[in-house]
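Written below as structure tokens is the structure these notes are about.
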Amino acid sequence: MTRFFADRRYSSLLFCLALFVFGVRAVPTRAQKIYDPVPISPNKEINDTLTDKDIPTGEGGFARDYVVQLEKGDQIAIDLKSENFDSILLLLADDGSTVAENDDGPDGGTNSLLFARVTETGKYIIRVRAFGETGGGKYTLKVTRLRPVEGKPETR
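Okay, structure coming up:
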């Protein structure tokens with residue numbers, strides 16, 4: 001009788017071990033997208049919301065990234081407006097280096113306006129973030145590819 005219980009315990013242990021080993025392998029896994037910047041095209045405007053679900057800045061605020069394809073020689077203006085938070089705007093190269101940044105635009109308020117000339121063709125990151133712990137909220141982001149004015153200037 002003792003041997004019967006020992007065999008059953010051993011069998012149960014083996015069954016549990018087999019279930020664990022083969023059961024874990026049978027469970028499908030999914031890769032999580034941790035970083036997925038939102039695509040934006042030049043000459044487009046986006047209305048969006050910065051929330052605590054976005055990228056933590058480490059300074060109490062949050063950031064959201066957009067990816068844009070730019071060409072060498074492009075001159076761009078990036079305009080960020082929000083009535084809900086003090087904005088900071090960054091343009092980052094594909095390698096993560098800062099190309100340009102702006103805290104407060106020329107209007108004296110807390111909106112951001114950034115001008116940049118692109119020196120290399122490629123993907124760039126536009127980072128929208130809140131200054132310090134100012135939280136988040138609704139905002140409008142506009143990327144404009146600036147073009148030279150055609151024609152000769154008038155002479156007087």
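full-length UniProt numbering puts the sequence shown at residues 1 to 156.
Glycine included, C-beta positions come from ideal geometry on N, C-alpha and C.
- Comparing alpha carbon positions, the residue from Glu59, Leu70, Asp86, Gln75 closest to Gly137 is Asp86.
- Within the UniProt domain "Peptidase C-terminal archaeal/bacterial" (65-130), the runs of beta strand (DSSP E) at least 3 residues long that lie entirely inside it are, in chain order, 75-81, 87-92, 98-102, 112-117, 122-130.
- Cβ-Cβ distances below 8 Å link Thr98 to Leu90, Leu91, Leu92 in the same chain, with the five nearest sequence neighbours on each side left out; the list follows chain order.
- Taking 8 Å as the cut-off, the beta carbon of Ile126 is found closer than this to the beta carbon of Val143.
- For Glu45, the enclosing beta strand (DSSP E) begins and ends at 44-50.
- In the three-state scheme derived from DSSP, where H, G and I count as helix and E and B as strand, Gly61 is classed as coil.
- Assignment of beta-bridge partners to Ile55 by DSSP yields Ala63.
- Measuring C-alpha to C-alpha distances from Glu83 to each of Pro148, Ile34, Ala130 identifies Ala130 as the nearest.
- A direct Cα-to-Cα measurement between Val68 and Phe115 gives close to 15 Å.
- In terms of Cβ geometry, Asp74 and Val118 form a close pair [threshold 8 Å].
- Within the DSSP secondary-structure output, Tyr139 pairs in a beta bridge with Asp48.
- Excluding its 5 nearest sequence neighbours in each direction, Asn111 has C-beta neighbours in its own chain below 8 Å: Asp79, Leu80, Lys81, Ser82, Ser87, Asp104, Gly105, listed in chain order.
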